[in-house]
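Residue numbers (our numbering): 583 to 813.
What follows is the structure in structure tokens.
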């Protein structure tokens, strides 16, 4: 049976560091969960379709054919209202500015031409579902995954007598090595108490994924946290 949902609002966002091949990078700052985003705008970019037409000797159409649309990537605009230096570092590769505490803390970032736009990351977003009746006492969410995102750049921003949002633009890439992912994002259909990763692996040609899930939202925080090594 198919599940349908009326989605509204963005509930949570998670960033995961990837290597240049699109595989998650375990480590002490490999993952970051935040509520501090205003929106994520996803725009599919397609290769121009090729038309083949030919008339016959009488001027009538003999061949009229068009190639299928070919998805190149999804352009993502990510607007943040909570400026987390670790998030900027994961998304863009901009180096962190650290303070001189005994255990140094990230207090900012720098625009560095040598590293800006070189990072690769995965983006997950959870959206709410309007007017839902909880199943088994658990609410459901829309889950959006962009498993391999690259070439992020920071857009224009304004410091003024107004709320400051930092907007970044990036694009998805083919060739993801996300597989089923390092997180449990869904419930097992036969044993709902069991949380699991994706049911099937992301293929190299897949740029995005969506599903409805009743797994609990991840817990937001300030700064990146450890991404454990896969078992």
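Positions of the beta carbon are idealized from the N, C-alpha and C atoms, including for glycine. Keep in mind it's a predicted model, so treat the numbers as computed, not measured.
Local conformation of residue i per DSSP, three classes
i           : result
residue 745 : coil
residue 767 : coil
residue 672 : helix
residue 800 : coil
residue 677 : coil
residue 779 : coil
residue 667 : helix
residue 695 : coil
residue 789 : coil
residue 784 : coil
8 Å Cβ cutoff, residue i in contact with chain D
i           : result
residue 728 : No chain D is present in this structure, which holds just one protein chain.
Residue i versus residue j: straight-line alpha-carbon distance, rounded
i           : j           : result
residue 742 : residue 678 : 24 Å
residue 701 : residue 636 : 47 Å
residue 654 : residue 627 : 6 Å
residue 731 : residue 643 : 44 Å
residue 618 : residue 596 : 11 Å
residue 799 : residue 634 : 49 Å
residue 736 : residue 810 : 29 Å
residue 620 : residue 707 : 12 Å
residue 583 : residue 795 : 15 Å
residue 652 : residue 756 : 13 Å
residue 610 : residue 686 : 14 Å
residue 753 : residue 733 : 6 Å
residue 691 : residue 670 : 7 Å
residue 812 : residue 632 : 44 Å
residue 612 : residue 629 : 33 Å
Residues that residue i bridges to, as DSSP identifies them
i           : result
residue 633 : 648
residue 628 : 653
residue 602 : For residue 602, which the question treats as bridged, DSSP gives no partner whatsoever.
residue 619 : 662
residue 709 : 592, 724
residue 613 : 598, 807
residue 703 : 599, 731
residue 752 : 658
Beta-carbon separation (whole angstroms), residue i vs residue j, contact threshold 8 Å
i           : j           : result
residue 592 : residue 709 : 6 Å
residue 688 : residue 805 : 7 Å
residue 704 : residue 598 : 4 Å
residue 790 : residue 728 : 5 Å
residue 656 : residue 624 : 5 Å
residue 765 : residue 779 : 6 Å
Note to self: Assess contact between the stretch 744 to 757 and the stretch 647 to 665, defined as three or more Cβ pairs (one per stretch) separated by less than 8 Å. Is contact present?
What the structure shows: Taking 8 Å as the limit for Cβ pairs, the verdict is that the stretch 647 to 665 does touch the stretch 744 to 757.
Check: Hey, is the stretch 668 to 678 in contact with the stretch 635 to 649, meaning 3+ C-beta pairs nearer than 8 Å?
Finding: No, the stretch 668 to 678 is not in contact with the stretch 635 to 649.
Next item on the list: Spell out a yes or no on whether the stretch 759 to 776 and the stretch 679 to 690 are touching, meaning 3 or more CB-CB pairs, one atom from each, closer than 8 Å.
Entry: No, the stretch 759 to 776 is not in contact with the stretch 679 to 690.
Next item on the list: Could you say if the stretch 758 to 767 and the stretch 782 to 792 meet the contact criterion of at least three C-beta pairs nearer than 8 Å?
Entry: Using a Cβ-Cβ distance cut-off of 8 Å, the stretch 758 to 767 and the stretch 782 to 792 are in contact, since at least three pairs of beta carbons, one from each stretch, lie closer than that value.
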